[in-house]
Amino acid sequence: ALPRAPPAPPATPEIVCPLSTIRDVYTVTDDPEECFPFEVLTAVKEEERAQLVMVVFDRGSTSQSFSILEQSRDRRDLLLECLKVLCIKATKAKTSPESR
């Protein structure tokens, strides 16, 4: 008998979030836990909550969000800094006369 290939991993939903649509970024250490969906908070260990980031963005006339669990607080802080810089650039590019 021929060996079988392992089953394909379950499909992960793809999230498209243009940087210029990001409205806010939350962390458990800087924002109230009530900002996070209950399902997200219960899915991570208590000691991992400091590594959690939630991005809220506009999608049409509604807001959507997704959460990221970083490997460490340092990596979370790096992600936050990168998002800040990239969002500023994206917003400037969107509003500059050269982009019209």
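Residues in the sequence shown are numbered from 456 upward in steps of one, following the working numbering.
Glycine included, C-beta positions come from ideal geometry on N, C-alpha and C.
| Query | Result |
| --- | --- |
| When you compare only the Cα positions, how much space is there between Arg555 and Leu533? | Note that Arg555 scores 49 on pLDDT, short of 50, meaning its location in the model is unreliable and no value can be drawn from it. |
| Let me make sure I understand the geometry here. Which of Val480, Leu496, Phe493 has the alpha-carbon closest to that of Phe512? | Val480 |
| My parser needs the alpha helix (DSSP H) runs of 4 or more residues fully inside the region 463 to 503; what are they? | 493 to 498 |
| Ile477 and Cys542 look like a contact to me (Cβ under 8 Å); what is the Cβ gap, rounded to whole Å? | 5 Å |
| Which of the three DSSP states is assigned to Arg514 in this structure? | strand |
| If you follow the alpha helix (DSSP H) that Arg528 is part of, which residue opens it and which one closes it? | 528 to 550 |
| If contact is defined by three or more beta carbon pairs under 8 Å, each pair taking one atom from either stretch, is the region 479 to 494 in contact with the region 507 to 526? | yes |
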